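S.K.: The structure is given below, and queries will be raised subsequently.
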Amino acid sequence: MSAQPLKVALLGAGTVGSEVADAILNRADSFTERIGSQLELMSVGVRDISKARPGIPTDLITDDLEAAIEGADIVVELMGGLEPARELLVKALNSGASVVTANKALLAKHSGELFAAADKAKVRLEYEAAVAGAIPIIRPVGDSLAGDRITRVLGIVNGTTNFILDAMEAKGWDYEHALKTAQELGYAEADPTADVGGHDAAAKAAILASLAFHTSVSIDDVHVEGIENITADMISTAASQGFTIKLLAICEEIPAAGVSARVYPALIPADHALASVGGAFNAVFVEAESAGELMFYGQGAGGAPTSSAVLGDLVSVARRKVLGGAGQYRKLESGSLPIIPIDDINTRYHITLAVQDRPGVLHAVTGVFLDQGVSIKLVEQTSLDDAADPRAKLVIATHGGTESALASTVERLRALDVVDEVVSILRIEGQ
């Protein structure tokens, strides 16, 4: 056993930070047994020192964040945001401290700088909690599948949006009702923009794509659409055709073309493994050449689940400190595979139109698809939900086509006098 305890500096004492501090302070013997050295919580750096933090000794708490990390062997960053987190972690790495972080936004924007500092100092930077909370996905993708070729990753990586969409489908709620309930239950923030707008999932997609495909993918490279415009009618229409709607983070490598990372609500078949992921749970579905299809499922957010992943990383870097050895196994790569623009992505589409209910409509609509080279797989005509509305609802599912071809098709559909409204356009994934 190492005679000297490992000094841990904790940045951030919110929900997750408090769980981590409690574990270090109250489970010392179990950590010593697993690591071969004691962990000493030397400081807890916070932005607002006036807040009460029960369970954390007041002499450990400071708002001098630079002083908090000075002399630390390991810095655990749970404060979030880009600054001062970036500056503090670069300083910590340069000083020889290993780092554990759950800061997805920071990694999605500044991973190159952080990993360069870690490499130069020959220390570790671990980030399992940054993508899917308690779900182990960074180690499986970065280590267990390192000898395989990952071709595609589909993820439900935001619990807020999954809760909302699941409630809309299961209970028939509209979007506003589902969002309000999510906020009341603590699944959604007072300002839910980062979640419902897809930005939280986009940061996670950037991390997963970088790790899976050994190239640099920034959050700025991720195409992002949120769920704000999803309606109960879209969900019921999808369900009637054997689909469910999920906000998906999609990462894929297309040979000779490059890498795509995108986030948007999409239809997936009801029998796909991801379709059964309900409530605020997360799941990541990985497709690899040799391993085939793998799914990782569990709680993706919350103090206890996220702290589990953070503590796992803490034990891992502490063991490395005790046993010696350097090297960054799971760094986010700095390669330069091309990023495929969304217009060049080939996928299937599900389009709902409100049309005049008269002869010749179907011929006119399908003729547009034919002229644009977009192949139709299914056409279904039904009445609109409003019984008093004399128009018809036309639902069209396509075979594969590019975004640019679809955009041209939709532009021409809107110009038809028989088409009153393009009600919705959603992509179909998982087939």
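For this note's numbering, add 5 to where a residue sits in the sequence shown, where the first one is 1. Even for Gly, the Cβ is constructed at its ideal location relative to N, Cα and C. Every value quoted in this text rests on a predicted model; they were computed, and no experiment measured them.
Three-state secondary structure (DSSP) at D394?
M.R.: Taking the sequence shown and counting its residues from 1, the one referred to as residue 394 is at position 389. Correct three-state label for D394: coil.
S.K.: Identify whether G372 lies in helix, strand or coil by the three-state DSSP scheme.
M.R.: As a first step, residue 372 is located in the sequence shown; it is residue number 367 there, counting from the start. If DSSP states are grouped into helix, strand and coil, G372 belongs with the helices.
S.K.: For a test of the three-state rule: what should DSSP assign to R241, helix, strand or coil?
M.R.: By one-based count along the sequence shown, residue 241 stands at place 236. Checking the sequence, you will find Ser at residue 241 rather than Arg. In this structure, S241 counts as helix in the three-state DSSP scheme.
S.K.: Apart from the five residues on each side of it in sequence, which residues of its chain come closer than 7 angstroms, Cβ to Cβ, to L65?
M.R.: As a working note, residue 65 is residue 60 in the sequence shown. Counting only Cβ-Cβ distances below 7 angstroms, and skipping sequence neighbours, we find L46, S48 and V49.
S.K.: At a cut of 8 angstroms, does the stretch 96-112 reach the stretch 34-46 through at least three beta carbon pairs?
M.R.: Verdict: no, contact absent.
S.K.: Going by the CB atoms, is the gap between G160 and V289 shorter than 7 angstroms?
M.R.: Translated into positions along the sequence shown, residue 289 becomes position 284. Translated into positions along the sequence shown, residue 160 becomes position 155. Going by C-beta atoms, V289 is nearer than 7 angstroms to G160.
S.K.: Give me the residue from D53, I143, A123 and A122 with the minimum Cα distance to Y132.
M.R.: The sequence position of residue 132 within the sequence shown is 127, counting from 1. It is I143 whose Cα lies nearest to the Cα of Y132.
S.K.: With a threshold of 6 angstroms on Cβ separation, who are the neighbours of F301 within its own chain once the five nearest residues in sequence on each side are excluded?
M.R.: In the sequence shown, residue 301 corresponds to position 296, counting from 1. Within the same chain, F301 has close Cβ partners I140, I142 and V289.
S.K.: Go ahead and label G329 buried or exposed: buried means 16 or more other beta carbons lie within 10 angstroms of its beta carbon, across all protein chains shown.
M.R.: Your numbering for residue 329 matches position 324 in the sequence shown. By the 10 Å Cβ count, G329 comes out exposed.
S.K.: Candidates L111, V13, G284 and A107: which alpha carbon is nearest E92's?
M.R.: Here residue 92 refers to the residue found at position 87 when the sequence shown is read from its first residue. Considering only alpha carbons, the answer is L111.
S.K.: Straight-line CA distance for A187 to G177?
M.R.: Residue mapping note: residue 187 aligns to position 182 of the sequence shown, counting from 1. Residue mapping note: residue 177 aligns to position 172 of the sequence shown, counting from 1. Cα to Cα, the separation comes out at about 15 angstroms.
S.K.: In terms of residues, what are the limits of the alpha helix (DSSP H) holding S313?
M.R.: Translated into the one-based positions of the sequence shown, residue 313 becomes position 308. Here the alpha helix (DSSP H) through S313 covers G308 to L328.
S.K.: What are the start and end residues of each continuous beta strand (DSSP E) run of 3 or more residues lying completely inside the stretch 260-306, in chain order?
M.R.: Listed in chain order, the complete beta strand (DSSP E) runs (minimum 3 residues) inside the stretch 260-306 are 263-274, 286-293 and 297-304.
S.K.: Tell me the DSSP secondary structure of A254 in three-state form.
M.R.: Position 249 of the sequence shown, counting from 1, holds the residue named residue 254. It is a strand residue.
S.K.: Would you call the CB atoms of L252 and P274 closer than 7 angstroms?
M.R.: Locating residue 252 in the sequence shown gives position 247, where the first residue counts as 1. Locating residue 274 in the sequence shown gives position 269, where the first residue counts as 1. No, they are not a contact pair.
S.K.: If we ignore side chains and look at the alpha-carbon of each, how far apart do T352 and E258 end up?
M.R.: As a working mapping, residue 352 is identified with position 347 in the sequence shown. As a working mapping, residue 258 is identified with position 253 in the sequence shown. Cα to Cα, T352 sits roughly 14 angstroms from E258.
S.K.: Keeping to the same chain, check which residues put their C-beta closer than 8 angstroms to that of G263; ignore five residues upstream and five downstream.
M.R.: As a first step, residue 263 must be located in the sequence shown, where it is residue number 258. Cβ within range, chain order: L342, P343, I344 and I345.
S.K.: For M47, name the three-state secondary structure that DSSP assigns.
M.R.: On the sequence shown, position 42 is the one that residue 47 refers to. If DSSP states are grouped into helix, strand and coil, M47 belongs with the strands.
S.K.: Could you tell me whether the Cβ atoms of A402 and K382 are closer together than 7 angstroms?
M.R.: Here residue 402 is taken as the residue at index 397 of the sequence shown, counted from 1. Here residue 382 is taken as the residue at index 377 of the sequence shown, counted from 1. Yes, the pair counts as a contact, with Cβ atoms nearer than the cut-off.
S.K.: Can you check DSSP and say which residues form a bridge with A402?
M.R.: The residue given as residue 402 occupies position 397 in the sequence shown. Looking at the DSSP assignment, A402 forms a beta bridge with H355 and L383.
S.K.: Which value, in whole angstroms, describes the spacing of the CA atoms of L319 and A107?
M.R.: Position 314 of the sequence shown, counted from the start, is the residue given in the question as residue 319. Position 102 of the sequence shown, counted from the start, is the residue given in the question as residue 107. The alpha-carbon atoms of L319 and A107 are separated by roughly 12 angstroms.
S.K.: In chain order, what residues of the same chain have a beta carbon less than 6 angstroms from the beta carbon of R39, not counting five sequence neighbours either side?
M.R.: Taking the sequence shown and counting its residues from 1, one reaches residue 39 at position 34. If we look at R39 and ignore the five residues flanking it on each side, its Cβ neighbours are V320.
S.K.: Using 7 angstroms as the threshold, is the C-beta distance between I212 and A122 below it?
M.R.: Position 207 of the sequence shown, counted from the start, is the residue given in the question as residue 212. Position 117 of the sequence shown, counted from the start, is the residue given in the question as residue 122. Not a contact, by the Cβ cut-off of 7 angstroms.
S.K.: Considering only the alpha carbon of each residue, which of I79, G303, A90 and K125 lies closest to S103?
M.R.: Translated into positions along the sequence shown, residue 103 becomes position 98. S103 has its Cα closest to that of I79, out of I79, G303, A90 and K125.
S.K.: Is the stretch 230-242 close to the stretch 192-203, with three or more CB pairs under 8 angstroms?
M.R.: Contact between the stretch 230-242 and the stretch 192-203 is present, because at least three Cβ pairs lie under 8 angstroms.
S.K.: Let me check understanding here. Comparing Cα to Cα, which of D238, L279, V322 and G247 lies closest to T357?
M.R.: If you number the sequence shown from 1, residue 357 lands on position 352. With distances taken between Cα atoms, T357 lies closest to D238.
S.K.: How would you label Q377, buried or exposed, when you count the other beta carbons within 10 angstroms and need 16 or more for buried?
M.R.: In the sequence shown, residue 377 corresponds to position 372, counting from 1. Buried: at least 16 other Cβ atoms inside 10 Å.
S.K.: Excluding the five sequence neighbours on either side, which residues of its own chain have a C-beta within less than 7 angstroms of the C-beta of R415, listed in chain order?
M.R.: Residue numbering aside, residue 415 sits at position 410 when the sequence shown is read from its first letter. First, the residue type needs correcting, since residue 415 is Val and not Arg in the sequence shown. These residues qualify, in order along the chain: V427 and I430.
S.K.: Out of curiosity, what's the CA-to-CA distance linking A314 and A134?
M.R.: Along the sequence shown, read from residue 1 onward, the residue named residue 314 stands at position 309. Along the sequence shown, read from residue 1 onward, the residue named residue 134 stands at position 129. Those two C-alpha atoms are separated by around 5 angstroms.
S.K.: In whole angstroms, what separates the C-alpha of Q436 from that of D34?
M.R.: Taking the sequence shown and counting its residues from 1, the one referred to as residue 436 is at position 431. Taking the sequence shown and counting its residues from 1, the one referred to as residue 34 is at position 29. Rounded to whole angstroms, Q436 to D34 spans 49 angstroms at the Cα level.
S.K.: Is the separation between the beta-carbon of V291 and that of A266 shorter than 7 angstroms?
M.R.: On the sequence shown, position 286 is the one that residue 291 refers to. On the sequence shown, position 261 is the one that residue 266 refers to. No. Outside cutoff.
S.K.: Can you give the Cα-Cα distance for A126 and I250, rounded to whole angstroms?
M.R.: Against the sequence shown, residue 126 aligns to sequence position 121. Against the sequence shown, residue 250 aligns to sequence position 245. Cα to Cα, the separation comes out at about 45 angstroms.
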